[in-house]
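This report refers to the structure that appears directly beneath it.
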Amino acid sequence: MNASTLYYRIGRERLGTLLRHFYADIRQHKVVGPIFNEQIEDWPAHLETIASFWTRMTGGPSAYSGQMPARHLSLGLNPNHFCAWLGLWEFNCRSYLAEREAQEMIQLAHGIGRRLKNILGVAES
1 MNASTLYYRI GRERLGTLLR HFYADIRQHK VVGPIFNEQI EDWPAHLETI
51 ASFWTRMTGG PSAYSGQMPA RHLSLGLNPN HFCAWLGLWE FNCRSYLAER
101 EAQEMIQLAH GIGRRLKNIL GVAES
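Residues in the sequence shown are numbered consecutively from 1, following this note's numbering.
Printed below as a string of structure tokens:
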């Protein structure tokens, strides 16, 4: 256990709070909401999966073994979807995390977004 990782500085409870609020905003968003609401039938299970993903991404203990890029291949995502997702992510990170941790989470998300755009063949906006 490395208490200096982003995961341990944020804490499981605060990460859960961030994700619950973020996905509540996602579900209501006019651009990305319809995609998520069409794809996700069990929101509590999705939140558990995504919490495991972010736990892993931030250096915490995680059994996440999903294929995140593959799950996005058939969604028809475009730059507007990425912009909306990242905008909501930034807002929620700044709302629920300390400044340093918020900035680190935002940087992680932008890196993930760039890699996912590359895999999906989505042009940079």
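Here a beta-carbon is modelled for each residue, glycine too, at the ideal position from N, C-alpha and C.
| Check | Outcome |
| --- | --- |
| Buried or exposed (CB count within 10 angstroms, at least 16 for buried), residue 60 | buried |
| Own chain, CB closer than 7 Å to residue 36, minus 5 neighbours either side, in chain order | 26 and 27 |
| The segment 102-116 contacting the segment 73-93, beta-carbon criterion three pairs below 8 Å | yes |
| Validate contact between the segment 107-121 and the segment 16-26 using beta carbons, cut 8 Å, 3 pairs | no |
| Under 9 Å between C-beta atoms of residue 9 and residue 99 | no |
| Length of the line joining the Cα atoms of residue 93 and residue 18 | 7 Å |
| Runs of alpha helix (DSSP H) lying entirely within the segment 35-115, each at least 4 residues, in chain order | 43-57 and 79-96 |
| Cβ pair residue 84, residue 122 closer than 9 Å | no |
| Residue interval of the alpha helix (DSSP H) (run including residue 21) | 12-28 |
| Reference residue 33, options 80, 120, 64 and 115, closest by Cα | 80 |
| Inter-residue spacing [alpha-carbon to alpha-carbon] between residue 58 and residue 15 | 10 Å |
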